[in-house]
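Colleague:
2 protein chains.
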Amino acid sequence: MPKLDESPDDAIPEDRIGPKVEDGVLGNLIGYGLKRAYMRIHPEAQRVLAEDDLRVVSFSCLSMIVDNPGIAQTELAAALQMERSNLVVIIDALEERELIERRKVPTDRRRFALTATLRGRHLRDRAAERVRLAEEAALDRLDDDDRARLIAVLERLLGAGAR
Amino acid sequence: MPKLDESPDDAIPEDRIGPKVEDGVLGNLIGYGLKRAYMRIHPEAQRVLAEDDLRVVSFSCLSMIVDNPGIAQTELAAALQMERSNLVVIIDALEERELIERRKVPTDRRRFALTATLRGRHLRDRAAERVRLAEEAALDRLDDDDRARLIAVLERLLGAGAR
DNA sequence: GCAAGATTGTTATTGAAAATAACCGTTATG
DNA sequence: CATAACGGTTATTTTCAATAACAATCTTGC
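So the protein lines, in turn, are chains X and C.
To convert, note that position 6 of the first sequence is 6 in our numbering; the numbers rise steadily by one, no gaps.
To convert, note that position 68 of the second sequence is 1068 in our numbering; the numbers rise steadily by one, no gaps.
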């Protein structure tokens, strides 16, 4: 039988003072944690890349092209999981700044072979190092072991087959 | 002295056939891995939540309200790192569906105390379980150890002080 | 006690990014 | 050889985050 003086389930606790907000169920969801972790890093990466007039997405494109010389736009879009139509303006900007080139490929006159220029490769290297440092700072709560663990787990999750 | 028959640094390798795209430098950046991992989970979570006419953000709001009865909109916005102006329409929709309530708080007539209804709490519980299952499926490449490690690292990174 | 400033929820507006559709030239396929 | 599929492009739409301004209320410093 129900207790007397029972409080309804949706009662507001007395101690509801101050901003001690609990994650609760949400905190046990990995997707939530991943997003929060990413949100910690993203603004910092954005900040350091802006010094080179790069956004995260254009840096990603540049970096992919450096590491995959000759890649086609469709391949690049698939690798970065974006629409190839939205890729065009980004490639345009990178080419404008002479960080990459669109080369005609003789065997298939539809596609372009994307390659990075020397400037592009150097900029990528410098920017990547800065991003790495920014990440390190943003993740200063993790010791080296944790960071290594995180990288390893992410690699196992994502590596070997893009899906 | 330079070799004869030297190929320029930006040459396109012969084996550039098939979609074997390499992450390269990008793959060593944690932010990139976090985003990719999140991108693996997000669409699945979106899919299962859509069955209850919820989006990820509205589910997050509902869940937060369930776990923090009496929370104010500004607090909620801060906790979820979004603008309180953008929160309004989401709260409106949840209230419309009678999943939550805006209660007037007598001590401060500016703010509302957000509470979940019984329906809201039940829906949250069901939806959360479905999201959990969807995450498990999306992360099937990780064994239990890896999953535990990932959760633990994320918890250390994010827990104890929102910053 | 009161004026000035800060806070809460709200609306409207803006801006940027992602998704969709259609098109042209080219290549692959039956 | 006709038709379909593909790669790049453009234009358009949809979606989402960010900004500004406002009324009502509360807090503060004097």
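Each residue gets a CB set at the ideal place from its N, CA and C atoms; glycine is no exception.
Can a CB atom of chain X be found closer than 7 Å to the CB of Ala1079/C?
Modeller: Here residue 1079/C corresponds to residue number 79 of the second sequence, with the count starting at 1. Answer yes: the Cβ-Cβ gap between Ala1079/C and chain X drops below 7 Å somewhere.
Colleague: Which of the three DSSP states is assigned to Thr74/X in this structure?
Modeller: Position 74 of the first sequence, counted from the start, is the residue given in the question as residue 74/X. Looking at Thr74/X - three-state DSSP - the assignment turns out to be helix.
Colleague: Throw me the rounded Cβ distance for the Leu99/X and Ala116/X pair, which I believe falls under 8 Å.
Modeller: Stepping through the first sequence from its first residue, residue 99/X is reached at position 99. Stepping through the first sequence from its first residue, residue 116/X is reached at position 116. Confirmed, about 7 Å.
Colleague: Can you pull the DSSP bridge partners for Phe112/X?
Modeller: The residue you call residue 112/X lines up with position 112 of the first sequence. Answer is Lys104/X, bridged to Phe112/X.
Colleague: How would you label Pro1043/C, buried or exposed, when you count the other beta carbons within 10 angstroms and need 16 or more for buried?
Modeller: Here residue 1043/C corresponds to residue number 43 of the second sequence, with the count starting at 1. The residue is exposed, with fewer than 16 neighbouring Cβ atoms inside 10 Å.
Colleague: Quick check: the region 125-133 of chain X against the region 30-49 of chain X, are there 3 or more CB pairs under 8 Å?
Modeller: Yes, the region 125-133 of chain X is in contact with the region 30-49 of chain X.
Colleague: Figure out for me which residue from Pro106/X, Arg97/X and Asp144/X has the closest Cα to the Cα of Gly70/X.
Modeller: One-based indexing of the first sequence puts residue 70/X at position 70. If we check each option's Cα against that of Gly70/X, Pro106/X comes out closest.
Colleague: I need the boundaries of the alpha helix (DSSP H) containing Asn1086/C, first residue and last residue.
Modeller: In the second sequence, the residue the question calls residue 1086/C occupies position 86. First-last of the alpha helix (DSSP H) with Asn1086/C: Arg1084 to Glu1096.
Colleague: Determine the contact status of Ala1077/C and Val21/X, defining contact as a CB-CB distance below 7 Å.
Modeller: Start at 1 with the first residue of the second sequence, and residue 1077/C comes out as number 77. Start at 1 with the first residue of the first sequence, and residue 21/X comes out as number 21. Not in contact: Ala1077/C and Val21/X (Cβ atoms no closer than 7 Å).
Colleague: Helix, strand or coil for Lys1020/C per DSSP?
Modeller: Looking up residue 1020/C in the second sequence gives position 20. DSSP places Lys1020/C in coil when its eight states are reduced to three.
Colleague: Using Cβ-Cβ distances below 8 Å, what residues of the region 31-43 of chain X are close to chain C?
Modeller: Cβ contacts with chain C: Gly31, Tyr32, Gly33, Leu34, Lys35, Arg36, Ala37, Tyr38, Met39, Arg40, Ile41 and His42.
Colleague: Report the rounded CA-to-CA distance for Leu123/X versus Leu62/X, giving the unit in angstroms.
Modeller: Stepping through the first sequence from its first residue, residue 123/X is reached at position 123. Stepping through the first sequence from its first residue, residue 62/X is reached at position 62. When rounded, the distance between both Cα atoms is 9 Å.
Colleague: At a cut-off of 6 Å, is Glu155/X close to the ligand FAD when judged by its beta-carbon and the heavy atoms of the ligand?
Modeller: As far as ligands go, the structure on display features none, and thus does not contain the ligand FAD.
Colleague: Against chain C, which members of the region 89-113 of chain X pass a CB distance test of less than 7 Å?
Modeller: From the region 89-113 of chain X, only Ala113 have a Cβ closer than 7 Å to chain C.
Colleague: Using a Cβ cut-off of 9 Å, which residues of the region 1040-1071 of chain C contact any Cβ in chain X, in chain order?
Modeller: Per Cβ criterion, the list reads Arg1040, Ile1041, His1042, Glu1044, Ala1045, Val1056, Phe1059, Ser1060, Ser1063, Met1064, Val1066, Asp1067, Asn1068, Pro1069, Gly1070 and Ile1071.
Colleague: What residues in the region 133-152 of chain X bring their beta carbon closer than 8 Å to a beta carbon of chain C?
Modeller: Against chain C - using a Cβ distance shorter than 8 Å - the residues of the region 133-152 of chain X are Glu135, Leu139, Arg141, Leu142, Asp146, Arg147, Arg149, Leu150 and Ile151.
Colleague: What whole-angstrom Cβ distance do Ile1041/C and Gly31/X have, given they're in contact under 8 Å?
Modeller: Along the second sequence, one-based indexing puts residue 1041/C at 41. Along the first sequence, one-based indexing puts residue 31/X at 31. Yes, they are in contact, since the Cβ atoms of Ile1041/C and Gly31/X sit about 4 Å apart, within 8 Å.
Colleague: Closest Cβ-Cβ distance between Leu157/X and chain C: below 7 Å?
Modeller: Residue 157/X sits at position 157 when you count from the first residue of the first sequence. True, the Cβ-Cβ gap to chain C drops below 7 Å.
Colleague: With 16 as the cutoff for other CB atoms within 10 Å, does Gln81/X come out buried or exposed?
Modeller: If you number the first sequence from 1, residue 81/X lands on position 81. By the 10 Å Cβ count, Gln81/X comes out exposed.
Colleague: Helix, strand or coil for Pro2/X? Go by DSSP, reduced to three states.
Modeller: Numbered from its first residue, the first sequence carries residue 2/X at position 2. Reliability of the predicted coordinates at Pro2/X is poor, the pLDDT of 48 falling under 50, and no value is obtained from them.
Colleague: According to the Cβ coordinates, are Leu165/X and Leu1034/C closer than 7 Å?
Modeller: The structure shown has nothing for residue 165/X, since chain X only spans 1 to 163.
Colleague: Is it the case that the Cβ atoms of Arg1036/C and Leu158/X are separated by a distance below 7 Å?
Modeller: Start at 1 with the first residue of the second sequence, and residue 1036/C comes out as number 36. Start at 1 with the first residue of the first sequence, and residue 158/X comes out as number 158. Yes; because the gap between Cβ atoms is below 7 Å, this pair is in contact.
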